[in-house]
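Novice: Residue 11 is where the sequence shown starts when you use the working numbering, and the numbers rise one by one after that.
All C-beta atoms in this analysis are idealised placements derived from N, C-alpha and C, irrespective of residue type, glycine included.
Quick one: the structure is below, and I'll ask about it shortly.
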Amino acid sequence: MKTKLFSITLFIILSLPLVASPISTPGTTVVNAEFLFQFKSDFPTATFKEVEFKDGHYKVYFISNNGKPSYALYSRDKELVETYFGISENDLPLISKSHINTKYPAHPIEATYLVTSPNRPARYIVKLKNTEDVMYSGEGYFLRYIKDLI
């Protein structure tokens with residue numbers, strides 16, 4: 011009984027630095043447990059992958075519940091700014107797919123995202139190989155071209 015109690019106590023003492031310390035992986039930004047808790051509150055079914063600090067935002071990569079790579083942008087204050095949910099090309103509105111097939115027949119689609127923000131309407135972004143990316147409204151209408159997607 012004493013040995014078991016000692017083992018449990020030792021485990022708890024050795025585990026405390028892991029719980030209280032920031033989480034990081036090679037080449038990523040250090041993230042504290044509070045930030046990770048916020049992310050899990052925002053995306054309870056997502057699988058956290060990594061986070062980096064880029065262009066004034068925390069960019070959190072994760073796998074969404076549909077199994078697609080996705081990412082979320084958080085402000086310096088760790089408030090959710092935008093979410094880029096990876097979606098299937100088939101989930102794009104028909105008018106968007108038609109525009110891409112007509113305007114960019116030689117540029118295959120690399121990724122498609124449904125972009126949501128707390129204060130803006132939903133929209134779609136299509137990453138095309140070897141050319142600019144394209145943004146569409148939530149209804150599928152062309153909005154603009156994008157040079158560098160965050």
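Have a look at 55, 91, 61 and 77 and flag the residue whose alpha-carbon is nearest the alpha-carbon of residue 128.
Specialist: Per the Cα distances, 91.
Novice: Thinking just about the alpha-carbon of each residue, which of 98, 68 and 145 is nearest to the one in residue 77?
Specialist: Ranking the options by Cα distance to residue 77, first place goes to 98.
Novice: What residue range does the beta strand (DSSP E) around residue 57 cover?
Specialist: 57 to 64 is the span of the beta strand (DSSP E), which, as asked, contains residue 57.
Novice: Near residue 10, what residues of its chain come up, given a Cβ to Cβ distance below 8 Å and the 5 sequence neighbours on each side ignored?
Specialist: No statement about residue 10 is possible, as the shown extent of the chain runs from 11 to 160 and does not include it.
Novice: Alpha helix (DSSP H) containing residue 49: first to last residue?
Specialist: Looking at the DSSP string, the run of the alpha helix (DSSP H) that includes residue 49 is 43 to 52.
Novice: What runs of the beta strand (DSSP E), each 3 residues or longer, lie entirely inside the segment 90 to 129?
Specialist: Segments of the beta strand (DSSP E) lying fully in the segment 90 to 129: 90 to 97 and 119 to 127.
Novice: Using beta-carbon positions only, say whether residue 126 and residue 93 come within less than 8 Å of one another.
Specialist: Contact: yes.
Novice: Consult DSSP for residue 133 and reduce its assignment to one of helix, strand or coil.
Specialist: If DSSP states are grouped into helix, strand and coil, residue 133 belongs with the strands.
Novice: Please report the residue range of the beta strand (DSSP E) in which residue 154 lies.
Specialist: Note, residue 154: beta strand (DSSP E), 152 to 156.
Novice: Am I right that residue 59 and residue 71 are in contact with their C-beta atoms under 8 Å? What's the rounded C-beta distance?
Specialist: Indeed they touch by this definition, with Cβ atoms about 4 Å apart.
Novice: Any idea what DSSP makes of residue 36, helix, strand or coil?
Specialist: Confidence in residue 36 is poor, its pLDDT being 44 and thus under 50, which makes the residue's placement too unreliable to answer from.
Novice: Taking the alpha carbon of residue 110 as the reference point, which residue from 64, 144, 96 and 51 has its own alpha carbon closest?
Specialist: Checked all of 64, 144, 96 and 51; the closest Cα to residue 110 is 144.
Novice: Measuring CA to CA, which of 152, 52 and 157 is closest to residue 112?
Specialist: Comparing Cα-Cα distances from residue 112 to each of 152, 52 and 157, the minimum goes to 152.
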